[in-house]
Amino acid sequence: MLVGCSILPGVSTPPSVPAHLEGLNLDWEQFLRAGEYRRALAAARLGDAGQEVAGTLEDLLELQEAVRARRLLVARRQFERYRESLESVPHPEAFRANIHTERLDAALGALESADHQRLTDAATLAECLAPALDEPLTRAEALNALGVLNALQDQEAEADTLFAQAVQHDPGHYRALTNLGNMALERGDLGLAEKLYRQAMALNSEYAGAHHNLGVALRRQKRLQESVKYIKAGQRLSVRQTKRDQDDEMRSNPRTLKTVQTVRTVLIVLAVVAVLLLVRGHL
Numbered sequence: 001m002l003v004g005c006s007i008l009p010g011v012s013t014p015p016s017v018p019a020h021l022e023g024l025n026l027d028w029e030q031f032l033r034a035g036e037y038r039r040a041l042a043a044a045r046l047g048d049a050g051q052e053v054a055g056t057l058e059d060l061l062e063l064q065e066a067v068r069a070r071r072l073l074v075a076r077r078q079f080e081r082y083r084e085s086l087e088s089v090p091h092p093e094a095f096r097a098n099i100h101t102e103r104l105d106a107a108l109g110a111l112e113s114a115d116h117q118r119l120t121d122a123a124t125l126a127e128c129l130a131p132a133l134d135e136p137l138t139r140a141e142a143l144n145a146l147g148v149l150n151a152l153q154d155q156e157a158e159a160d161t162l163f164a165q166a167v168q169h170d171p172g173h174y175r176a177l178t179n180l181g182n183m184a185l186e187r188g189d190l191g192l193a194e195k196l197y198r199q200a201m202a203l204n205s206e207y208a209g210a211h212h213n214l215g216v217a218l219r220r221q222k223r224l225q226e227s228v229k230y231i232k233a234g235q236r237l238s239v240r241q242t243k244r245d246q247d248d249e250m251r252s253n254p255r256t257l258k259t260v261q262t263v264r265t266v267l268i269v270l271a272v273v274a275v276l277l278l279v280r281g282h283l
């Protein structure tokens, strides 16, 4: 479970810490152990833990964010970057003790496999996701995936429990939080749904699902002006997310990227030729 930690006053700091940072907890290893990678990165930077440590923590944080967003192609790339960064850390023991790369590799593979197979049986999906359920960094995403399947099959109680477990394990998993809001919306608990959607948006202000569904919750409360605002924002963000996903796909497949670049080049050349012919009066 990811335990919430904060940089709090009253915790001893290394002697080398500047005077204005005295009293802050800059033990980045503590935050790493808790799975609080953003705070670990902040502590490492403030405590001058070194570029190698900060860079490795940044790769780990971006990996976590990619998993939360279900951007599995990006997560895979970030995992490889993290593994490479680990080689440059002078003393990688803290990382290796808390992040087992082989298990994390298998966990990402399980998420990828489940995504490709589109399994519709909950027991089969749970079996497929077993490595991801066993790995702290991917557990919330695996629980969320199981919750989605149960929700689609009208198993509301099971879905609600799984989404709650995902958020309990990783309070930063905004998609699971949004799904909890969806369950509340289905039950007609509009106030709770609104609260959960706003919490998800506070974690990720560009998540389209939370904006759109907040708009739906507001519309059902007859707050039409607010509703339109959030539904339109959700539509804009959805288009942006679709483009981002397409870009992820192209970056992961050099052949596709090369084809797209070739098509763009041809279109540009044709446009230039058309303009030249038009200027010369041939069209």
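UniProt numbering puts the sequence shown at residues 1 to 283.
Ideal placement from N, C-alpha and C gives every residue a C-beta, glycine not left out.
#1: Helix or strand or just coil, what does DSSP make of R118?
#2: Can you name the start and end residues of the alpha helix (DSSP H) that Y197 belongs to?
#3: Would you tell me roughly how many angstroms separate the C-alpha atoms of S12 and N98, rounded to the nearest one?
#4: Would you give the residue range spanned by the alpha helix (DSSP H) that Q30 belongs to?
#5: Going residue by residue through the region 35–82, where are the continuous alpha helix (DSSP H) segments of at least 4 residues, counting only ones entirely within it?
#6: Rounded to the nearest angstrom, what separates D170 and E141 at their Cα positions?
#7: So, under 8 Å CB-CB, A114 and L129 are touching, yes? Tell me the CB distance rounded to an integer number of Å.
#8: Looking at the unbroken alpha helix (DSSP H) that takes in L152, where does it start and where does it end?
#9: With a 10 Å radius around its C-beta and 16 neighbouring C-beta atoms as the bar for buried, classify H116 as buried or exposed.
#10: If you reduce the DSSP assignment to three classes, tell me which class S88 lands in.
#11: For Q51, does the count of other Cβ atoms within 10 angstroms reach 16, so buried, or fall short, so exposed?
#12: From which residue to which residue does the alpha helix (DSSP H) around D160 run?
#13: Applying the 10 Å Cβ sphere with the 16-neighbour rule, what's the burial state of A157?
#14: For E80 and A66, what's the separation of their Cα atoms in angstroms?
#15: Given that a residue counts as buried once 16 or more other Cβ atoms are within 10 Å of its Cβ, and exposed if not, what is A176?
#16: Once DSSP output is grouped into helix, strand and coil, what is the label at K243?
#17: Taking C-beta to C-beta, are G234 and N213 nearer than 9 Å?
#18: When we look at the beta-carbon of L218 and count the other beta-carbons within 10 Å, is it buried (16 or more) or exposed?
#19: Could you check the C-alpha separation between E102 and R223 for me, to the nearest Å?
#20: CB-CB under 8 Å to L57, same chain, minus the five flanking residues each way: which ones, in chain order?
#21: If you check the beta carbons only, do L185 and A193 fall under 9 Å apart?
#22: Taking DSSP as the reference, what is the three-state secondary structure of G215?
#23: Quick one: what's got a C-beta closer than 8 Å to E93's C-beta in the same chain, skipping five residues either side?
#24: Starting from L129, trace the alpha helix (DSSP H) in both directions and tell me its first and last residue.
#25: When you compare the CB positions of A164 and E135, do they come within less than 9 Å of one another, or not?
#26: Look up G109 in the DSSP assignment and say whether it is helix, strand or coil.
#27: With R175 as the anchor, note down where its alpha helix (DSSP H) starts and where it stops.
#28: Below 9 Å between beta carbons: does that hold for G209 and K232?
#29: In angstroms with no decimal places, state the Cα-to-Cα distance between L76 and M183.
If we stick to the structure as given:
#1: Residue 118 sits at position 118 when you count from the first residue of the sequence shown. Coil at R118, not helix or strand.
#2: In the sequence shown, the residue the question calls residue 197 occupies position 197. That run of the alpha helix (DSSP H) goes 190–203.
#3: Position 12 of the sequence shown, counted from the start, is the residue given in the question as residue 12. Position 98 of the sequence shown, counted from the start, is the residue given in the question as residue 98. Reliability fails at S12, whose pLDDT of 37 lies under 50, so the model's placement of it is uncertain and no value is given.
#4: Position 30 of the sequence shown holds residue 30. Taken as a continuous stretch (DSSP letters only), the alpha helix (DSSP H) holding Q30 covers 28–33.
#5: 37–46, 51–68
#6: Here residue 170 is taken as the residue at index 170 of the sequence shown, counted from 1. Here residue 141 is taken as the residue at index 141 of the sequence shown, counted from 1. For D170 and E141, the distance between alpha carbons rounds to 9 Å.
#7: The residue labelled residue 114 in the question sits at position 114 within the sequence shown. The residue labelled residue 129 in the question sits at position 129 within the sequence shown. Indeed, because the Cβ distance is near 6 Å, the residues count as touching under 8 Å.
#8: Within the sequence shown, numbered from 1, the residue matching residue 152 stands at position 152. Per DSSP, L152 belongs to the alpha helix (DSSP H) from 136–152.
#9: The residue labelled residue 116 in the question sits at position 116 within the sequence shown. The residue is exposed, with fewer than 16 neighbouring Cβ atoms inside 10 Å.
#10: Counting from one through the sequence shown, the residue named residue 88 turns up at place 88. Here S88 sits in coil by DSSP.
#11: In the sequence shown, the residue the question calls residue 51 occupies position 51. Exposed is the call here.
#12: Taking the first residue of the sequence shown as 1, we reach residue 160 at position 160. Start and end: 156–169.
#13: Against the sequence shown, residue 157 aligns to sequence position 157. Result: exposed.
#14: Within the sequence shown, numbered from 1, the residue matching residue 80 stands at position 80. Within the sequence shown, numbered from 1, the residue matching residue 66 stands at position 66. Going by the C-alpha atoms only, they are around 13 Å apart.
#15: Along the sequence shown, read from residue 1 onward, the residue named residue 176 stands at position 176. Flag for A176 reads buried.
#16: The count along the sequence shown starts at 1 and reaches residue 243 at position 243. It is helical.
#17: The residue given as residue 234 occupies position 234 in the sequence shown. The residue given as residue 213 occupies position 213 in the sequence shown. Yes, the pair counts as a contact, with Cβ atoms nearer than the cut-off.
#18: On the sequence shown, position 218 is the one that residue 218 refers to. Per the 10 Å Cβ criterion, buried.
#19: Along the sequence shown, read from residue 1 onward, the residue named residue 102 stands at position 102. Along the sequence shown, read from residue 1 onward, the residue named residue 223 stands at position 223. Rounded to the nearest angstrom, the two C-alpha atoms are 50 Å apart.
#20: In the sequence shown, the residue the question calls residue 57 occupies position 57. So the list reads W28, L32, Y37, A40, L41, A44, once near-sequence residues are dropped.
#21: As a position in the sequence shown, residue 185 is number 185, starting the count at 1. As a position in the sequence shown, residue 193 is number 193, starting the count at 1. Cβ distance < 9 Å, so L185 and A193 count as in contact.
#22: Within the sequence shown, residue 215 is the residue found at index 215, counting from 1. Here G215 sits in helix by DSSP.
#23: Along the sequence shown, one-based indexing puts residue 93 at 93. The answer is none, since no qualifying residue turns up.
#24: For the purposes of this step, residue 129 is identified with residue 129 of the sequence shown, where counting begins at 1. First-last for L129: undefined, no H or E at that position.
#25: In the sequence shown, residue 164 corresponds to position 164, counting from 1. In the sequence shown, residue 135 corresponds to position 135, counting from 1. No, the pair does not count as a contact, with Cβ atoms beyond the cut-off.
#26: The residue you call residue 109 lines up with position 109 of the sequence shown. Of the three classes helix, strand and coil, the one that applies to G109 here is helix, per DSSP.
#27: Counted from its first residue, the sequence shown places residue 175 at position 175. Residues 174–187.
#28: The sequence position of residue 209 within the sequence shown is 209, counting from 1. The sequence position of residue 232 within the sequence shown is 232, counting from 1. Their beta carbons are not under 9 Å apart, which means G209 does not touch K232 by this criterion.
#29: Stepping through the sequence shown from its first residue, residue 76 is reached at position 76. Stepping through the sequence shown from its first residue, residue 183 is reached at position 183. It should be noted that the sequence gives Arg, not Leu, for residue 76. Roughly 30 Å between the two C-alpha positions.
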